[in-house]
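K.L.:
Protein chains in written order, with the numbering used here: chain L, 7 to 87; chain E, 123 to 511.
Below: one structure in structure tokens.
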């Protein structure tokens with residue numbers, strides 16, 4: 007599964023809507039699609055799927071504001087290893 | 123001299139601000155000036171014979187000593203962290219870092235005062251803890267002494283925030299502004315400084331003189347209600363005014379210290395309120411307490427239900443926020459009250475998904491939820507004020 011697909015799959019699950027797939031630049035926190043708990047569940051699910059050891063400090067709301075930003079973030083992280 | 127409280131202070135601060143504008147405009151020496159001006163203004167701010175907080179040593183010695191201590195803890199921990207994760211080292215470093223703050227908060231409970239108190243102690247501690255956690259997460263990999271100390275001691279925000287973050291500050295520190303950006307910063311700075319004058323010296327003073335102080339004398343429930351609203355407005359104008367000065371001064375040095383307030387009276391629920399009120403503090407608590415606690419709880423599977431972890435996270439975060447103000451009962455109750463409101467809001471959100479009060483964007487429902495939130499918050503601040511108990 008590609009990075010994009012994995013991110014979107016989890017985003018859909020934790021936001022409970024497919025809006026995140028339709029609009030990759032939607033403001034996840036501003037539109038209340040992700041709350042505090044969902045954002046942490048998302049990070050944990052993604053770090054497990056990508057086999058990364060992410061730290062809680064990596065949840066930066068600005069860097070994680072849209073689906074596209076999260077995809078970019080993980081594409082960079084996965085390449086780093 | 124307490125920052126932003128007298129015209130003499132603003133007069134003296136021009137000696138720091140005007141060269142900052144000139145150096146910023148000509149793109150020369152601005153970083154050196156940032157350091158020199160901070161040192162100069164620290165001497166001004168901490169060499170006060172009328173300082174209410176009584177200490178054994180002159181304020182300037184305490185504040186510099188404290189910063190150097192924090193720096194030693196930070197670089198010591200960084201060296202250990204480079205060799206790998208070491209939980210014990212993290213706890214020792216955090217303990218050393220917050221020990222002076224704990225002493226300051228606990229001693230008044232025993233009717234004693236810490237001999238090492240100075241204005242801004244807790245705000246410096248927030249910044250230094252932020253660095254330690256960044257090191258732990260491997261997000262901060264080097265600590266430049268000058269940059270670290272300027273971050274900790276940056277004079278516009280040292281006394282009461284806003285609480286900047288090291289990685290954010292580092293971006294401004296490393297950036298060379300263009301002429302246009304320096305002019306924009308100057309514009310943003312002046313605008314905020316005038317907002318500060320309006321809020322702190324006009325509106326807050328008017329509210330206090332003509333509403334808050336008279337209401338404090340009125341007994342009974344009506345007096346208390348009047349006091350509650352007056353106190354909410356006064357706190358806002360006084361602290362938002364202070365924050366506007368602090369952010370405005372920062373901009374002139376090219377440091378974009380984060381904002382503290384964003385129209386809090388328009389909050390639609392308690393979560394929204396904490397995204398608009400004393401934001402730099404609430405974001406600090408969200409990132410460093412709630413996120414970390416919930417992250418660890420979910421990862422370690424401490425509870426069957428992730429909601430439980432989140433609710434406990436809210437109570438813990440807000441409880442600590444309350445205790446941070448002091449060990450008095452009304453502060454603790456204030457924190458737990460907000461924790462409970464956050465739990466309730468999230469529970470309602472889950473239980474009544476698409477609940478109108480929380481989600482409907484029609485005028486009536488929006489106005490109603492703003493009205494309810496306003497009153498819940500005002501009541502919280504009434505607890506905080508200590509008038510009730």
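Beta carbons are placed, not taken as given, at the ideal position from N, Cα and C, and that holds for glycine.
Because the structure is a prediction, the values reported are computed rather than measured.
1. Buried or exposed: residue 412 of chain E, going by 16 or more other Cβ atoms within 10 Å of its Cβ?
2. Residues of chain L with CB closer than 7 Å to the CB of residue 413 of chain E, please, in chain order.
3. What separation, rounded to the nearest whole angstrom, lies between the Cα atoms of residue 62 of chain L and residue 83 of chain L?
4. Compute the distance between the beta-carbons of residue 65 of chain L and residue 13 of chain L, then report whether it is under 7 Å.
5. State buried or exposed for residue 8 of chain L, treating a residue as buried only when at least 16 other CB atoms are found within 10 Å of its CB.
6. Write down every uninterrupted run of the alpha helix (DSSP H) in the stretch 363-445 of chain E whose length is 4 residues or greater and which is fully enclosed by it, in chain order.
7. Short check: CB of residue 113 of chain E to CB of residue 460 of chain E, under 7 Å?
8. Of all the options E:256, E:475, E:217, E:274, which has the alpha carbon lying nearest to the alpha carbon of residue 242 of chain E?
9. Counting only runs that start and end within the stretch 320-361 of chain E, where is the alpha helix (DSSP H) found for 4 or more residues in a row?
10. Is the CB-CB distance between residue 355 of chain E and residue 329 of chain E below 7 Å?
11. Could you list which residues in chain L have their beta carbon closer than 7 Å to that of residue 395 of chain E, in chain order?
12. Buried or exposed for residue 128 of chain E, going by 16 or more other Cβ atoms inside 10 Å?
13. Quick one: list the residues of chain L neighbouring residue 260 of chain E, beta-carbon separation under 7 Å, in chain order.
14. Kindly say whether residue 417 of chain E, judged by its beta-carbon, lies nearer than 7 Å to any beta-carbon of chain L.
15. List the residues of chain E that residue 50 of chain L touches, going by C-beta distances under 8 Å, in chain order.
16. What does a CB cutoff of less than 6 Å around residue 465 of chain E pick up in its chain, not counting 5 residues either side in sequence?
17. Does any CB atom of chain L fall closer than 7 Å to the CB of residue 432 of chain E?
18. Which first and last residues belong to the alpha helix (DSSP H) in which residue 70 of chain L is found?
19. If I measure Cβ to Cβ from residue 314 of chain E and keep anything under 8 Å in the same chain, skipping five residues before and after, which residues do I get?
20. Counting Cβ pairs, one atom from each stretch, are 3 or more of them under 8 Å apart for the stretch 307-321 of chain E and the stretch 337-353 of chain E?
21. Cα separation between residue 504 of chain E and residue 16 of chain L?
22. Within a Cβ cutoff of 7 Å, which residues of the same chain sit near residue 338 of chain E, ignoring the five residues on either side of it in sequence?
23. Would you say the stretch 247-267 of chain E touches the stretch 471-488 of chain E, given that touching needs at least three Cβ pairs under 8 Å?
24. On the premise that residue 212 of chain E lies in contact with residue 258 of chain E, defined as a C-beta separation below 8 Å, what is that separation, rounded to the nearest angstrom?
25. The alpha helix (DSSP H) spanning residue 474 of chain E covers which residue range?
P.N.:
Reading it off the structure:
1. buried
2. Residues of chain L passing the Cβ test: 46, 62, 65.
3. If you take the alpha carbons of residue 62 of chain L and residue 83 of chain L, they lie about 15 Å apart.
4. Not a contact, by the Cβ cut-off of 7 Å.
5. exposed
6. Fully contained in the stretch 363-445 of chain E are the following alpha helix (DSSP H) runs of length 4 or more, in chain order: 392-396, 401-407, 413-421.
7. The displayed coordinates of chain E run from 123 to 511. Any statement about residue 113 of chain E would go beyond what the structure contains.
8. E:274
9. Whole alpha helix (DSSP H) segments, 4+ residues: 326-329, 335-339.
10. yes
11. In chain order: nothing, as chain L lies at least about 14 Å away.
12. exposed
13. Correct list: 61.
14. Output row for residue 417 of chain E: interface = yes.
15. 417, 420, 421
16. 433, 436
17. yes
18. Per DSSP, residue 70 of chain L belongs to no alpha helix (DSSP H) and is neither H nor E.
19. The answer, listed in chain order, is 366, 367, 369, 370, 373.
20. no
21. 42 Å
22. 349
23. no
24. 5 Å
25. Bounds of any alpha helix (DSSP H) do not take in residue 474 of chain E, whose DSSP letter is neither H nor E.
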